[in-house]
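Numbering (the UniProt record's numbering) for the sequence shown: 1 to 638.
Virtual Cβ for every residue (Gly too), placed ideally from N, Cα, C.
From a predicted model like this one, the values you see are computed outputs, not experimental measurements.
First the structure, in the form of structure tokens, and then the observations on it.
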Amino acid sequence: MDDVMASRLPVEVVTHVMRFLSVSDRKEAALVNSIWYEASLDPILQDDVVLHFHALTTNDRTPQITRRNLPHLIVDQFDNSLNSKVIILKSCEQLSQSLQSLSLKSSNITESTFVELLSKCNNLVSLNLSCCNSLFMSGKLLEMNGDMQKLKSVLGSVQNLDLSAIRYMSDSTFNRIVTVCPNLSSLSLGSAQLTFNSSSYMPRGKTKCASSTLLTFDNILEYLKLQSPKMKLLNLSRTALTDDALETLVTLEGLKLEELVLVCCKDISDSGISVICKYQSKLKTIDLKGCVDLTDGAINLMSKNLLVLENLKLGKCRRVSDHSIKQLKHLPCLELVDLSENYLVTSQGLIEGLCGNINIPLVHLNLNCCPSVTDSFILSMCKVVTHLVHLDLGSCFPLTDHSLVTMSKNLKHLRYLRLAWCKEITDLGLLGYERTDGESQDSHEHDEHGKCRCTRKYNSTEIFRKPTGNIHLKNKSGEMEKLVSRHNEVCTLKNLSILRELDLSACPKITDTGLTQVVKFKELRSLNLSMVQITDLTVHSVTSNNPSLEHLSLAQCAALTDDAIECVAKRLPRLTSLDISKCDKLTNKSIQFLKEYSSRLRTLDVSFCENISVAAVDNLETSRNLKNVQKRLLGGSF
Numbered sequence: 001m002d003d004v005m006a007s008r009l010p011v012e013v014v015t016h017v018m019r020f021l022s023v024s025d026r027k028e029a030a031l032v033n034s035i036w037y038e039a040s041l042d043p044i045l046q047d048d049v050v051l052h053f054h055a056l057t058t059n060d061r062t063p064q065i066t067r068r069n070l071p072h073l074i075v076d077q078f079d080n081s082l083n084s085k086v087i088i089l090k091s092c093e094q095l096s097q098s099l100q101s102l103s104l105k106s107s108n109i110t111e112s113t114f115v116e117l118l119s120k121c122n123n124l125v126s127l128n129l130s131c132c133n134s135l136f137m138s139g140k141l142l143e144m145n146g147d148m149q150k151l152k153s154v155l156g157s158v159q160n161l162d163l164s165a166i167r168y169m170s171d172s173t174f175n176r177i178v179t180v181c182p183n184l185s186s187l188s189l190g191s192a193q194l195t196f197n198s199s200s201y202m203p204r205g206k207t208k209c210a211s212s213t214l215l216t217f218d219n220i221l222e223y224l225k226l227q228s229p230k231m232k233l234l235n236l237s238r239t240a241l242t243d244d245a246l247e248t249l250v251t252l253e254g255l256k257l258e259e260l261v262l263v264c265c266k267d268i269s270d271s272g273i274s275v276i277c278k279y280q281s282k283l284k285t286i287d288l289k290g291c292v293d294l295t296d297g298a299i300n301l302m303s304k305n306l307l308v309l310e311n312l313k314l315g316k317c318r319r320v321s322d323h324s325i326k327q328l329k330h331l332p333c334l335e336l337v338d339l340s341e342n343y344l345v346t347s348q349g350l351i352e353g354l355c356g357n358i359n360i361p362l363v364h365l366n367l368n369c370c371p372s373v374t375d376s377f378i379l380s381m382c383k384v385v386t387h388l389v390h391l392d393l394g395s396c397f398p399l400t401d402h403s404l405v406t407m408s409k410n411l412k413h414l415r416y417l418r419l420a421w422c423k424e425i426t427d428l429g430l431l432g433y434e435r436t437d438g439e440s441q442d443s444h445e446h447d448e449h450g451k452c453r454c455t456r457k458y459n460s461t462e463i464f465r466k467p468t469g470n471i472h473l474k475n476k477s478g479e480m481e482k483l484v485s486r487h488n489e490v491c492t493l494k495n496l497s498i499l500r501e502l503d504l505s506a507c508p509k510i511t512d513t514g515l516t517q518v519v520k521f522k523e524l525r526s527l528n529l530s531m532v533q534i535t536d537l538t539v540h541s542v543t544s545n546n547p548s549l550e551h552l553s554l555a556q557c558a559a560l561t562d563d564a565i566e567c568v569a570k571r572l573p574r575l576t577s578l579d580i581s582k583c584d585k586l587t588n589k590s591i592q593f594l595k596e597y598s599s600r601l602r603t604l605d606v607s608f609c610e611n612i613s614v615a616a617v618d619n620l621e622t623s624r625n626l627k628n629v630q631k632r633l634l635g636g637s638f
């Protein structure tokens, strides 16, 4: 009856319903019947769809995209063979009117194919040529005037150009490629081989000259002088950019950047940031991850001057401390803050900097590897920053169940939660219970033989001791029953009902007891339980209650058997990525289950699995056409 009703719904109604579904859900819905498939092809549903086109894809699939107005195309592993060339050119010709974004990253493409390909893309807005070294190696790209005129007539709408990590780009080839894209507002030159002292390479008697062998900073400046009224985003990450060069850049007349990306520019100091704050005060995004010479002074300057800043990324700026983090309260528009791997940042600075403004619009917070973050910050944050969507607390070792319970109660908009290596979080926290002071337990975890997992020492008063694994489980079960009887209303992790990604890896005090009760999310796409003490029970529960899983990591879960992988293969039809490395009880039966049932699997890691053979994995790789397989030291060969 349900199938009959579904087939009678008008296409317009089905299309409207699909607007509220994620891309993966729409893919599943399109398989219901021909009417639903027709509805899924509506142009209004294609804006967030990316076609990842592998060169190995056979020619019989290309006609299937003729009816789809796909705006985004990624060409991967283009090998420049005749067959691949025909397929790609045909695809771009079919998508020419709708295609807005094209990525040729790392493709081995020739100059003639490049010109022929782009000449078919009339409405392109974004073009990614990063790592296309073979395209620029000869230096003859767009050398023919006819080619330049041909592309200039069709690439006038291109606004975003990515030329990152191109080893052989010179001034000449750079000038040609930007000439055919006259309306650029975003330029990425990350990891480019930029030469800053170009005077040493100039011909005798000349002060300015476009080099045919080097990409010089002076040439980039000349281009930006002409393009400055339009330029909004600039990426010079991983270059030898200095404070003086940065000053020359940001003081260009008419240049009003909205986004500046300077990841791992290790020669930039506080004086360079001072110039940015003075001349580019309208910045909305600044990425300074890995700029190791920055101190509190730079952050203080940004807090005082960049008042419309929305995205602030300071990961690995390890000289930054609470003194400057407290000043973030003066940035009222902050939506994203990345302070990962800043060891001097503590809860005190974060409370004053991020929790002092009740109207802060923060939705993304990354505190990965901030070991001084404690429960006090989480409790304060959950009262003020209630609209968080992305939260990374990996390796925040002091966090306890108190933090987890508070997050479960208050952060109902979370879609991404990472608690990897939070070693004090237990099953009680997952289940919504908090220990009282009288219930606190020894912070050192002991195995069933009484050995401390931290110090590797035994209790000095007992030389011989019987294994206590079963007794420990019984005591833990009894403790759970006592807590449940004392708490009438609890808020478990399940309260985060729209969670899409969850990482609980390396949390040693989490077991089947908690995971089987709370990991039940209809929209969960990615789950990481690596290095957690789980058995097949958890996998049975997870695969039954999380039908949307696409990425699953179970690395170093030593107790898992083939039965667990059978559940994974049969119950998770959307699974595309699986990590079961160092699961020593798994055998070739697991590989057979994946071969029979996991038709969408593309990425697999079975490294260090003692009882899985190389031949079985090779057979799976061939039959399922897997894109990425890790199989180091299989069969106990290590």
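- Taking the Cα positions, Lys-85 is about 52 Å away from Thr-511.
- Residues Asp-536, Lys-585 and Leu-586 of the same chain have their beta carbon placed closer than 8 Å to that of Thr-561, with the five preceding and five following residues left out of the count.
- With 16 or more other Cβ atoms from the protein chains shown falling within 10 Å of its own Cβ, Met-169 counts as buried.
- In the displayed model, Glu-501 falls within a strand according to three-state DSSP.
- A residue is called buried when at least 16 other Cβ atoms come within 10 angstroms of its Cβ; Met-144 does not meet this threshold and is exposed.
- A direct Cα-Cα distance of roughly 18 Å separates Thr-346 from His-364.
- In this chain, the beta strand (DSSP E) harbouring Ile-74 covers 72-76.
- Secondary structure note for Asn-305: its alpha helix (DSSP H) is the uninterrupted segment 296-305.
- In the DSSP annotation of this structure, the continuous segment of the beta strand (DSSP E) that includes Asn-128 starts and ends at 126-128.
- Boundaries of the alpha helix (DSSP H) harbouring Glu-352: 347-354, taken from the DSSP string.
- When C-beta atoms of the region 509-525 are compared with those of the region 562-573, fewer than three pairs fall below 8 Å, so the two segments do not count as touching.
- A direct Cα-to-Cα measurement between Ser-107 and Leu-626 gives close to 19 Å.
- In the structure shown, the three-state DSSP call for Arg-26 is helix.
- Per the coordinates, the alpha-carbon of Gln-149 lies some 14 Å from the alpha-carbon of Ser-112.
- By the CB criterion at 9 Å, Leu-350 and Pro-332 fall outside the cutoff.
- Comparing alpha carbon positions, the residue from Val-389, Met-302, Glu-28 and Glu-310 closest to Val-320 is Met-302.
- In this structure, Glu-501 and Ser-24 do not form a Cβ contact; the two beta carbons are roughly 13 Å apart against a cut-off of 8 Å.
- Assignment of Tyr-416 by DSSP, reduced to helix, strand and coil, places it in the strand class.
- For Leu-344, same chain residues with a beta-carbon under 8 Å away, outside a window of 5 residues either side, are Arg-318, Arg-319, Val-320, Ser-321, Asp-322 and Ser-372 in chain order.
- Sequence-distant Cβ neighbours of Lys-105 in its own chain, meaning closer than 6 Å and more than five residues away, are Asn-128, Ser-130 and Cys-131.
- The region 253-262 and the region 208-221 do not touch, with fewer than 3 CB-CB distances between them shorter than 8 Å.
- Scanning its chain for C-beta atoms nearer than 6 Å, with the 5 sequence neighbours on each side dropped, one finds around Val-14 the residues Trp-36 and Ala-39, in chain order.
- Between the beta-carbon of Ala-240 and that of Asp-267 there is about 6 Å, and that keeps the pair under the 8 Å contact cut.
- Residue burial annotation: Ser-157 is exposed, with fewer than 16 other C-beta atoms found within 10 angstroms of its C-beta.
- The shortest C-alpha to C-alpha distance from Leu-31 to any of Ser-607, Ile-612 and Pro-573 is the one to Pro-573.
- Inter-residue distance for Gly-272 and Lys-225 is about 20 Å (C-alpha atoms, whole angstroms).
- Per DSSP, the unbroken beta strand (DSSP E) holding Gln-630 starts and ends at 628-630.
- Distance check between Asp-375 and each of Glu-341, Pro-398 and Gly-190 places Pro-398 closest, using alpha-carbon atoms only.
- In this model, Ala-165 and Ser-188 are separated by some 10 Å (Cα to Cα).
- Of the residues Tyr-597, Asp-503 and Val-263, the one whose Cα lies closest to the Cα of Tyr-416 is Asp-503.
- DSSP, read as helix, strand or coil, puts Val-50 in strand.
- The Cβ atoms of Ser-623 and Lys-595 sit closer than 9 Å to each other.
- DSSP, read as helix, strand or coil, puts Leu-391 in strand.
- Note on geometry: alpha-carbon atoms of Glu-523 and Gln-193 lie some 43 Å from one another.
- When DSSP states are grouped into helix, strand and coil, Asn-197 belongs to the coil group.
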